[in-house]
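Last residue of the sequence shown: 635 in our numbering, with the numbers rising by one and none dropped.
Here the structure comes first, spelled out in structure tokens, and everything after it is commentary.
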Amino acid sequence: MIRLLATMVAAFVAYLLLTAGSGDILLWSGPELVAGAIIAIIVGITSYRIFCRSENLRMANPLRILLLLVYAAIPLLIEMARANIDVAIRVITGRVHPGIIRVRTGMKTDLGLLLLANSITLTPGTLSVDVDEESRDLYVHLINVPEALRTEKSVDSRELFTFFNIPGWIRRIAE
């Protein structure tokens, strides 16, 4: 029962953060609060077994949550901006060499693998296509596979990001 309530509260807080400033009761409207409560109940009932597994309790640590927020606000945002510029240049010039490569992640937890796959997918020009569950490697589609990577069977996940060690950040947060 506690897992269900914790999931509902987390879903409701996430809803409130996403809709802040759109109403007249403090920051929300009455119908919006009711809709958020209903959505939180539905999300809680359908996902509490996934959200509150014992291995995921490491994310209950406030320091990890702070690290996640810093990661999303600085390294990930900068990598996304760089990738946006790169994709725009490639679209304008027509210099694209698309392909799918195997990426060694080195992640030990499902949460770490999830964060890395989502970080790759959020970065323009890349898309996480599949996961090898045994080796925990990702198959990633790139809009431009660099010539040096075209002959390799697999690459390290750090090679996908230019400015920051994104996998290192994710290990600090999720493992």
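We put the beta carbon where it would ideally sit given N, CA and C, even for glycine.
Span of the alpha helix (DSSP H) around I505: Numbered from its first residue, the sequence shown carries residue 505 at position 45. Run containing I505: G490 to F511, per the alpha helix (DSSP H) assignment.
Member of I561, D570, G585 and A577 whose CA lies at the smallest distance from the CA of L609: Residue mapping note: residue 609 aligns to position 149 of the sequence shown, counting from 1. It is I561 whose Cα lies nearest to the Cα of L609.
Pair every Cβ in the stretch 591 to 599 with every Cβ in the stretch 537 to 552, then say whether three or more of these pairs are closer than 8 angstroms. Counting C-beta pairs closer than 8 angstroms gives fewer than three between the stretch 591 to 599 and the stretch 537 to 552, which falls short of the contact rule.
Three Cβ pairs or more, each shorter than 8 angstroms: is that satisfied between the stretch 518 to 528 and the stretch 481 to 495? Because the criterion of three Cβ pairs below 8 angstroms is not met, the stretch 518 to 528 and the stretch 481 to 495 do not touch.
To test your reading of the DSSP string, which unbroken beta strand (DSSP E) runs of 3 or more residues are found completely within the stretch 574 to 622? Within the stretch 574 to 622, complete beta strand (DSSP E) segments of at least 3 residues are found at 586 to 592, 597 to 602 and 614 to 616, given in chain order.
Which first and last residues belong to the beta strand (DSSP E) in which V473 is found? Working through the sequence shown from its first residue, we reach residue 473 at position 13. Note, V473: premise wrong, no beta strand (DSSP E); alpha helix (DSSP H) at I462 to T479.
Round the Cβ separation of R618 and G572 to the nearest angstrom and send it over; I've been treating them as touching at under 8 angstroms. Taking the first residue of the sequence shown as position 1, residue 618 is located at position 158. Taking the first residue of the sequence shown as position 1, residue 572 is located at position 112. With a beta-carbon spacing of about 14 angstroms, R618 and G572 fall beyond the 8 angstroms limit used to define contacts.
Residue of T583, N578 and L476 minimising C-alpha distance to P491: Along the sequence shown, one-based indexing puts residue 491 at 31. For P491, the nearest C-alpha among the options comes from L476.
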